[in-house]
Structures are given as structure tokens and as C-alpha cells.
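Trainee: Using the working numbering, the first residue of the sequence shown is number 7, and each one after it goes up by one. We put the CB at the ideal spot given by N, CA and C, even for glycine. Since the structure is predicted, the reported quantities are computational estimates derived from the model, not experimental observations.
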Amino acid sequence: MNDFQPLSDNEVLYVSLGRVLMSNPTFKVGEFLDALAQAISDREDDWTDDHEGWFSDGLDCEALRFNSQGWQRGRVRIRLEFMPDGPRPQLPERRTSHRRAEKIDPRPEEIYRPEREDSYRSDRPRLELDDIYRAPDDY
């Protein structure tokens with residue numbers, strides 16, 4: 007069972023033990039591949055831009071694979087892969103105890119629309135500031 011999945015260059019890894027090429031335990035996949043390409047190019051006297059294909063679009067090659075008969079033409083490149091330990095735990099659903107208010111659409115005959123003149127009139131007595139801010143003795 008092979009559950010490894012290729013990682014994209016911008017994905018981030020944290021490797022606490024067994025690190026190679028990287029001084030920091032947290033790094034992007036692309037940074038690691040650049041460091042690997044640099045380490046190889048420093049050791050190879052005949053390193054050219056053609057060799058960069060190992061880390062980008064791949065190099066033309068032939069592969070003798072277990073599941074095919076004979077050699078198969080294609081491309082090869084170096085990538086990092088990741089396999090999760092197990093299924094990611096899911097957060098429990100939030101349940102709300104309050105009930106949602108039902109939306110009630112009023113019927114057109116139940117809608118009160120005052121006439122424009124009536125909207126400015128009021129049968130209530132008008133409050134004055136003295137009515138609001140009375141002294142306690144006045145009650």
C-alpha cells in the first residue's frame with residue numbers, strides 16, 4: 007500500500023530529526039529541492055543547465071518498471087512525497103441550542119401604510135425636556 011502523495015514546491019515541512027541540507031527545521035519543499043540541486047552541482051564538475059531538469063520538468067529517460075513489459079520511454083524528476091500517519095481528526099459539529107426564528111411574510115392586506123400626511127401627525131402628547139428631566143420631588 008503506497009499512500010505517499012507528491013508535495014508542491016510551496017508546501018512547508020517541519021523535520022526535527024534526521025535533517026539533511028537544511029539548517030532550519032521548517033522549510034518549503036522548493037527550498038529543499040534547490041539546496042539538493044546546489045549540493046549536487048557543487049560536487050559535479052560537469053554540471054550544466056541541462057541537469058536542472060532533475061528538479062523541474064524532468065529529463066528524458068527510459069525505465070524498466072515492474073508493472074510493464076520492457077523498457078518504457080518517459081521523463082524522470084526528483085520530488086518529495088508525504089504520507090500522513092492516519093486520518094485527520096475532524097472537529098465536532100457545533101450545535102446551537104436556540105431555534106431559528108421563522109420568517110413570516112405578511113399578507114399584502116395586513117400591511118399598514120399610512121398616508122404621507124398621517125405619518126407626520128401624532129395623537130400622543132409631545133414630550134418636553136422638562137417632562138423627561140424632572141426633579142425627583144415632582145413625582
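(1) Near Gly36, which residues of its chain fall below 7 Å by C-beta distance, leaving aside the five closest residues on each side in sequence?
(2) Would you report the Cα separation of Trp53 and Phe33, rounded to the nearest angstrom?
(3) What is the DSSP secondary structure of Gln96, reduced to helix, strand or coil?
(4) According to DSSP, is Leu3 helix, strand or coil?
(5) Measure the Cβ-Cβ separation of Gln11 and Glu87 and say whether it is below 8 Å.
(6) Which residue wins for smallest C-alpha separation from Asp40, given the options Glu99, Gly24, Glu58?
(7) Is Pro10 helix, strand or coil by DSSP?
Mentor: Taking the structure as given:
(1) For the purposes of this step, residue 36 is identified with residue 30 of the sequence shown, where counting begins at 1. The answer, listed in chain order, is Asp15, Asn16.
(2) As a working note, residue 53 is residue 47 in the sequence shown. As a working note, residue 33 is residue 27 in the sequence shown. Looking at the two C-alpha atoms, the distance is approximately 25 Å.
(3) Taking the first residue of the sequence shown as position 1, residue 96 is located at position 90. Of the three classes helix, strand and coil, the one that applies to Gln96 here is coil, per DSSP.
(4) Given that the chain is displayed from residue 7 to residue 145, the structure contains no residue 3 and the question cannot be resolved.
(5) Here residue 11 refers to the residue found at position 5 when the sequence shown is read from its first residue. Here residue 87 refers to the residue found at position 81 when the sequence shown is read from its first residue. A contact, by the Cβ cut-off of 8 Å.
(6) Taking the first residue of the sequence shown as 1, we reach residue 40 at position 34. Measuring from the Cα of Asp40, the nearest candidate turns out to be Glu58.
(7) Within the sequence shown, residue 10 is the residue found at index 4, counting from 1. Sequence inspection shows Phe at residue 10; the Pro mentioned does not correspond to that position. It is coil, neither helix nor strand.
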